[in-house]
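Just add 184 to the spot in the sequence shown (first one is 1) and you have my numbering.
The beta-carbon is built from N, C-alpha and C at its ideal position, and this holds for glycine as well.
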Amino acid sequence: PLVTYMLNSYQYGTKSKVTNSVAKGTLDVKNTRFVGGVVAKTWPWGVIKDIVTYAKVIKGEEVYGSNEINDGDARQFLSDIYRVNGASSGAN
185 PLVTYMLNSY QYGTKSKVTN SVAKGTLDVK NTRFVGGVVA KTWPWGVIKD
235 IVTYAKVIKG EEVYGSNEIN DGDARQFLSD IYRVNGASSG AN
């Protein structure tokens, strides 16, 4: 599907796409703005699908770092994201 934003139309997944991936490791950064264990942000054309996260995020979100995930205009395509209990951590 296409999204129209301002004067442009874009197809979802053409600006950022993370699929069939595993996130693993530890993130501990001083600037916690938009820190996410999988992605920082993808607004508004991004796709995140089929992800498993083992990431430990000390100061940030477990999966998606930006608060734009709650923006009604973002129309995020997020699906099939799994966390490993006891291994993955961060704010939800």
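Straight-line Cα distance separating residue j from residue i
i, j, result
"Asp234", "Lys225", "17 Å"
"Trp229", "Val222", "16 Å"
"Tyr238", "Ser250", "19 Å"
"Ile242", "Arg217", "13 Å"
"Asp255", "Ser272", "25 Å"
Same chain only: Cβ atoms within 8 Å of residue i, ignoring 5 sequence neighbours per side
i, result
"Lys208", "Thr237, Tyr238 and Ala239"
"Asp264", "Lys233, Asp234 and Ile235"
Strand pairing of residue i, partner residues [DSSP]
i, result
"Glu245", "Gly220 and Ala275"
"Val231", "Lys201 and Phe261"
"Lys240", "Thr210 and Ser273"
Sequence-distant residues of the same chain with beta carbon closer than 7 Å to residue i, five excluded per side
i, result
"Asn204", "Asp234"
"Val219", "Leu211, Val213, Val241, Lys243, Gly244, Glu245 and Gly249"
Contacts around residue i, its chain only, beta-carbon distance under 6 Å, and the 5 residues preceding and following it disregarded
i, result
"Lys201", "Val231"
"Tyr266", "Val236"
Closest residue to residue i among the options (Cα-Cα distance)
i, options, result
"Asn215", "Asn254, Glu252 and Glu245", "Glu245"
"Gly274", "Phe261, Val247, Leu262 and Glu252", "Val247"
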